[in-house]
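Residue numbering for the sequence shown follows this note's numbering, beginning at 95 and increasing consecutively.
A quick write-up on the structure given underneath.
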Amino acid sequence: MDKSHWLREVTCLVPLRSNDFDWSHQLNNAVYPQLLESGRWAWALENCIDLRMDGLLGVVSRLELDYLKPVFWDPISTVKVHTGVRNVQRFSIYLNQMVEDPESQTCARACVQLALYDSVKKVPVAIDLEKFRRSSA
Numbered sequence: 095m096d097k098s099h100w101l102r103e104v105t106c107l108v109p110l111r112s113n114d115f116d117w118s119h120q121l122n123n124a125v126y127p128q129l130l131e132s133g134r135w136a137w138a139l140e141n142c143i144d145l146r147m148d149g150l151l152g153v154v155s156r157l158e159l160d161y162l163k164p165v166f167w168d169p170i171s172t173v174k175v176h177t178g179v180r181n182v183q184r185f186s187i188y189l190n191q192m193v194e195d196p197e198s199q200t201c202a203r204a205c206v207q208l209a210l211y212d213s214v215k216k217v218p219v220a221i222d223l224e225k226f227r228r229s230s231a
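Here it is in structure tokens:
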């Protein structure tokens, strides 16, 4: 049974830096995974999931990223990163993510598989979102 019903989609604004753009004044493809990482942290913290404890490491075990439209250089630009849970399984959390440009056009879409590892034992850890949920939820 999927116990992720209490997890909500989160949208965050991520400012772009001048060095995020390449010679053609387009957002460099290598920047998108960084934007998605910012979105995942915002999603986790907004859903009261704090993985910065207990010697756990969250890792991206799979990333499918579709580049749909370029983002062009603007010195004060921000993009929106939408992050929502697709599925929670025993050892993986699956997220859908989307990057929108300042005009709210979808520029990239991603499916991400996350896993948790014990940093001391070096083994995968079963996903128990209730355990990681902060008591303030």
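Think of the CB as a built atom: it goes at the ideal place given N, C-alpha and C, for glycine as much as any other residue.
{"Query": "Where are the alpha helix (DSSP H) runs, 4 residues long or more, that stay fully inside the segment 151-183, in chain order?", "Result": "none"}
{"Query": "Could you give the C-beta distance for V173 and L130, rounded to a whole number, given that I count them as a contact under 8 Å?", "Result": "Actually they are not in contact, since the Cβ atoms of V173 and L130 sit about 11 Å apart, beyond 8 Å."}
{"Query": "Check whether the segment 160-171 and the segment 119-127 touch, using three or more Cβ-Cβ pairs below 8 Å as the test.", "Result": "yes"}
{"Query": "Assign R156 to one of two classes, buried (16 or more other C-beta atoms within 10 Å of its C-beta) or exposed (fewer than that).", "Result": "exposed"}
{"Query": "Spell out a yes or no on whether the segment 136-152 and the segment 197-204 are touching, meaning 3 or more CB-CB pairs, one atom from each, closer than 8 Å.", "Result": "no"}
{"Query": "Determine the burial state of R134: buried for a count of at least 16 other Cβ atoms within 10 Å of its Cβ, exposed for fewer.", "Result": "buried"}
{"Query": "Please identify the residue among D160, A124 and R146 whose C-alpha is closest to the C-alpha of N113.", "Result": "A124"}
{"Query": "Let me know the beta strand (DSSP E) ranges lying completely inside the segment 185-228, each 3 residues or longer, listed in chain order.", "Result": "187-194, 200-212 and 217-219"}
{"Query": "Based on the DSSP output, what are the partners of C106 in its beta bridges?", "Result": "V175"}
{"Query": "G149 and L208 look like a contact to me (Cβ under 8 Å); what is the Cβ gap, rounded to whole Å?", "Result": "Contact flag wrong, Cβ pair sits at about 17 Å."}
{"Query": "Less than 7 Å between the C-beta atoms of T177 and V104, yes or no?", "Result": "yes"}
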